[in-house]
Amino acid sequence: MTEMVYGSMPSSVREPILSRWWRTVDKWSLIAILVLCAIGLLLGFAASVPLAERNGLDPFYYVQRQMFFGGLAMVAMVVVSMMSPDLVRRLGVMGFCLFFLALLMLPMFGTDFGKGAVRWFSLGFASFQPSEFLKPGFIIVAAWLIAASGDINGPPGKLMSFGLAITVVLLLALQPDFGQALLVLFGWATIYFVGGAPIPLLLTILGLTGAAGIGAYNVSEHFARRINGFLSPDVDPRSQLGYATNAIQEGGFFGVGIGEGQVKWTLPDAHTDFIIAVAAEEYGLMLVLVIIALYTTVVVRSLFRLTRERDPFVRLAGTGLACIFGVQAMINMGVAVRLLPAKGMTLPFVSYGGSSVIAAGITVGMLLALTRSRPQGNMSDVFRRSR
Amino acid sequence: MTRVPLRPLARILRARTLGENPDTIERENLRLRHEQMRDKSRGQAQLRLVILILCFFSAFTLIGARMGMLASTEPVEPRSSAGGDAIASGRADIEDRNGHVLATNMQTNALYVQTRDLVDPRRVATELSQIFPDLDAETLHRRFTDGRSFMWVRKVLSPEQVQAVHEIGDPGLLFGPREMRLYPNGTLAAHVLGGSSFGAEGVGSAQIIGTAGIEKFMDSRLSDPEQAGRPLRLSLDMTVQAHVEELLETGVNMYSARGGAVILMNIKTGEILSMASMPTFDPNDRPNPLVKGEPGDSPLFNRAVQGLYELGSTYKIFAAAQAMDLGLLNADSPVDTSFLKIGRKTISEYDGHNYGPTKTLSEVIEVSSNIGSGHIALMIGAERQQAFLRSLGLFSSSPVELIEAMGAKPQYPKKWPDIVTVTAAFGHGVSSSPLNLATAYATIANGGVTVKPTLLAQADPTPGDRVMSAYAAEESVKMLRRVVVSGTATMADIPGYEVAGKTGTADKPSPTGGYYDDKVINTFAAVFPASHPEYVLVVSLDEPVETSGSKPLRTAGWTAVPLAAEIIKRAAPLLGMRPVVEPAGTDALTAVKQ
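Respectively, the protein sequence lines represent chains U and G. If you read the first sequence in our numbering, its first letter stands for residue 1, the second for the next number, and so on. If you read the second sequence in our numbering, its first letter stands for residue 388, the second for the next number, and so on.
Here is the structure:
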């Protein structure tokens, strides 16, 4: 339809892309992510040096890599956040298909890097963990299916997405990678929850998850050892958790000083799973609280913006993405303070890891794309909820 | 649930009559229904999103709070911050009365292994076994590789050993800073100091705890952080102690004794200036306790405190002092020394002597008559005798600051028939430690007022209870002086120091019952100077024998007395005593000078 208004601009109908992006994007979340990325680099200077020394590399080798991947992730995030919800959906679905295939091929071509779980493809210069990229794709697909099920004569999306979730969870559990499996399941559950899950069913699922956990505890020794470590009241000071707890206590409120920390030398996963312990030891509670506040900002703001969203797909997909992002951070930090059992999970943007940071960039990029303020259907709704 | 039909017949019919497409009505209704459903689900979703927001917010708050809680507590194993020094320099030094160090702490290292970090366990095991010859390379290697992640190798290393271990250069070998207890004088005052070992141990530091002697008795004082800077000052005089130990060792060797003990005590303050026991040990390297045999044969055994012996004739002065205190006798009162039979037991004198029908009280002590002492004790009576011995502290363990003293309770019969009254008067049937004896003699020398024996330096004398009249005490000391001048202890008559004392030669009880003929405990309890007593010296030798003559001599006068004399000769000048110049000596000296 042509605009026939008197005095309107004769040139382009649409607003320039960048200005529209900047006007509509959630700037606070964007800034929070950038700060998190910077903190990740800062901590990388402390935490990755021992790893570089162990591997006989230049001390800041991993910092340089992280800088490269972090930059890549930021670019990916901005580019993705400029997309329209439709484009995000297309990207997500294609990504899901691609990485689902990659996940299936892991047993054939994957490597375990001597860590006892086949999760990676080795590309020579870098490794690549398909499950990290699968997560946002899965969220998009699941949200799409569940949103579609709300339409009249729509497909049975809830059931289909559940089947898909179970398939992915099983594939991940076989690696074994219970952490990612848990995240995928959790992401699906939040979408289903917001998408209108009946309460009795939610309770049933909760029960089944518990039962599955107990089953895994009995079947998998790997899993059982970690749970046992968590349940024992006094932490073995020579376990990873013991070192992490000690580091947090050591740091106190203001830390022992930059570069003075010791935990990075004793913890093999100081640069990934226990990066928060390094932060706590060297910079103290202050930095930890800042990090927590940044994650809270991103998650709470995104979810809040989604309450105003009228499009079911956007709402559900945004919820899922925000939740897996937030929960991943929560589990990582919860483990370090012994609120949760030990579980290898990276802290998005802060932990070292190419796949992890780029996947997080894409995830948050999609989230930002979906939480952009856009005209909503009825003017009455806009007025009712106007600030 | 009532459902609105998508194709309401009325409207369809009307549309048909108007010639419109009825499908638009259906489409419009479908759109409206869809709109309704979306509104409904959106309302629900909004509520659930708010729930999610609250969940996330509280979870993150919880993590933050937990971080704060952790950050405000102390770490279990301090590594970076300076928390380790608190324990490390905790234990106070021990000094003698003049401030010479008897026990202090030294910086050293413990060696431990983080087996996961070992590069070459085989080589490390081999080289460690070369540095520490008592370690076996095979055993070490097995322990390095049996799956444990951490193990102690050595608790204390010398600086040379630290260097040698450094030179192995394996990253799995780690040092834990330690303070070790050091007794710089080696065996000096070993039984008083006792010893120490490591208590709670961490990688960063270890706690030192006392295991024996004053280290254990005063453990809470020594490890009190508030008093860490203030050394514990003992009453011992290091120089006197060194001489005493040297002489006691010589004496024990010369008389082929199993062991011996010496106590030198200030009678006014109860301060013990010297306490020695042979055989001895080095508290830096305490030997293991004996698992069989007599405990007294262990070098760890403190004979001065733990050795409960029947101390023989040294007890006779207690009977004499009490008889004078009660007014039953005075120094010149005659005492029956002819014959004493209690029930079927005849009391005899040592070596079959016969001292005639009567002796004065003073002579009874001088010649050490068993029969005379027995008669005195019978005059006093069992109850008063027990009460007196108890008041002198001979029935209870010594209150001295040694952990060993607590367990050494003097032994005496529960029933006290006449025979015990008589034998107790000459020191048989009742046993006590040399320290108990020294304390009792100190009471007599102190004019009849008790003193509390102590190993801690005292500023002022703390007066105890009066247990006998000053007169009785003074007369007793005079009698003791006569023993040295013309009695059984003449070898102790050091010119100028007016030694007074009493010998005791007690047959050792055999474990099968009865007494040995040729095994004795020789004791000499001395007070000097007699005119104004200052010190008590007790010398006790276990199974000594003097073999220089034609027949072996086992009386105290030949063994303990000469040893005591030598000790007084050396110690008295060190204690700042001036010899009392006696008139006869003055003449001789002036004669020579002129």
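Each residue gets a CB set at the ideal place from its N, CA and C atoms; glycine is no exception. It should be emphasised that the depicted structure is a prediction, and the values quoted were computed from it without experimental measurement.
I'd like the span of the alpha helix (DSSP H) that includes residue i, first residue to last.
i: residue 322(U); result: 312-336
i: residue 434(G); result: 409-458
i: residue 806(G); result: 805-812
i: residue 160(U); result: 157-174
i: residue 823(G); result: 821-832
i: residue 877(G); result: No alpha helix (DSSP H) holds residue 877(G); DSSP gives it neither H nor E.
i: residue 33(U); result: 27-47
i: residue 967(G); result: Element bounds for residue 967(G): n/a, residue is neither H nor E.
i: residue 105(U); result: 85-109
How far does the beta strand (DSSP E) with residue i in it extend, from its first residue to its last?
i: residue 911(G); result: 902-915
i: residue 200(U); result: That residue, residue 200(U), is in no beta strand (DSSP E); its alpha helix (DSSP H) goes 199-219.
i: residue 929(G); result: 922-929
i: residue 987(G); result: The displayed coordinates of chain G run from 388 to 981. Any statement about residue 987(G) would go beyond what the structure contains.
i: residue 729(G); result: 727-729
i: residue 249(U); result: Element bounds for residue 249(U): not the beta strand (DSSP E) but the alpha helix (DSSP H), 240-251.
For residue i, I'd like the list of residues in its chain whose CB is within less than 6 angstroms of its CB, leaving aside the five on either flank, ordered along the chain.
i: residue 690(G); result: 646, 648, 664
i: residue 384(U); result: Model confidence at residue 384(U) stands at a pLDDT of 48, short of 50, so the residue's coordinates are unreliable; what they give is reported in the following sentence. Here the set comprises nothing.
i: residue 959(G); result: 884
i: residue 181(U); result: 169, 172, 173
i: residue 130(U); result: 99, 102, 103
i: residue 716(G); result: 710, 748
i: residue 466(G); result: At residue 466(G), the pLDDT of 46 sits below 50, so the modelled position is not reliable; the number obtained from the coordinates is stated separately. If we look at residue 466(G) and ignore the five residues flanking it on each side, it has no Cβ neighbours.
i: residue 926(G); result: 649, 911, 947, 950, 951
What residues are listed by DSSP as bridge partners for residue i?
i: residue 841(G); result: 658(G)
i: residue 494(G); result: 566(G)
i: residue 65(U); result: DSSP lists no partner for residue 65(U).
i: residue 354(U); result: According to DSSP, residue 354(U) bridges with nothing at all.
i: residue 122(U); result: 127(U)
i: residue 733(G); result: 728(G)
Determine, using beta carbons only, whether residue i and residue j come nearer to each other than 9 angstroms.
i: residue 355(U); j: residue 127(U); result: yes
i: residue 143(U); j: residue 267(U); result: no
i: residue 75(U); j: residue 361(U); result: yes
i: residue 916(G); j: residue 878(G); result: no
i: residue 195(U); j: residue 147(U); result: yes
i: residue 447(G); j: residue 292(U); result: yes
i: residue 572(G); j: residue 479(G); result: no
i: residue 855(G); j: residue 712(G); result: yes
i: residue 561(G); j: residue 614(G); result: no
i: residue 563(G); j: residue 511(G); result: no
i: residue 586(G); j: residue 593(G); result: yes
i: residue 257(U); j: residue 282(U); result: yes
i: residue 754(G); j: residue 875(G); result: yes
i: residue 867(G); j: residue 817(G); result: no
i: residue 134(U); j: residue 331(U); result: no
Kindly list the residues whose CB is nearer than 7 angstroms to the CB of residue i, restricted to its own chain and excluding five residues on each side of it in sequence; keep chain order.
i: residue 43(U); result: 275, 278, 279, 350
i: residue 943(G); result: 890, 891, 892, 909, 910, 911
i: residue 294(U); result: 32, 35, 36
i: residue 729(G); result: 805, 806, 809
i: residue 320(U); result: 139, 142, 143, 187, 190, 191
i: residue 872(G); result: 880
i: residue 526(G); result: none
i: residue 472(G); result: Any reading at residue 472(G) must be qualified, since the residue scores a pLDDT of 41, below 50, and its modelled position is unreliable; the value itself is stated next. So no residue of the chain qualifies.
i: residue 468(G); result: The predicted position of residue 468(G) is uncertain, since its pLDDT is 37 and thus under 50; a value taken from the coordinates is nonetheless stated next. Nothing meets the Cβ criterion.
Residues in the same chain with beta-carbon distance under 8 angstroms from residue i, minus the five sequence neighbours each way, listed in chain order, please.
i: residue 253(U); result: 284, 285, 286
i: residue 794(G); result: 693, 784
i: residue 771(G); result: 709, 713
i: residue 718(G); result: 711, 747, 748, 749, 862, 865, 866
i: residue 355(G); result: Nothing about residue 355(G) can be reported from this structure: the residues present for chain G run from 388 to 981 only.
Indicate whether the contact test is met: 3 or more Cβ pairs, each with one atom in the region 558-569 of chain G and one in the region 488-508 of chain G, closer than 8 angstroms. In short, these stretches touch, since the Cβ pair count reaches three.
Would you say the region 780-800 of chain G touches the region 748-765 of chain G, given that touching needs at least three Cβ pairs under 8 angstroms? Counting Cβ pairs under 8 angstroms, fewer than three are found: no touch.
Three or more C-beta pairs below 8 angstroms linking the region 694-706 of chain G and the region 811-822 of chain G: Taking a cut-off of 8 angstroms on C-beta distances, the region 694-706 of chain G touches the region 811-822 of chain G, as three or more cross pairs fall below it.
Three-pair Cβ contact test at 8 angstroms for the region 827-837 of chain G versus the region 772-780 of chain G: Result yes; three or more Cβ-Cβ pairs closer than 8 angstroms.
The region 603-619 of chain G in contact with the region 658-673 of chain G per 3-pair CB rule at 8 angstroms: Contact between the region 603-619 of chain G and the region 658-673 of chain G is absent, because fewer than three Cβ pairs lie under 8 angstroms.
Counting Cβ pairs closer than 8 angstroms, one from the region 14-28 of chain U and one from the region 367-377 of chain U, do we hit at least three? Segments in contact, yes.
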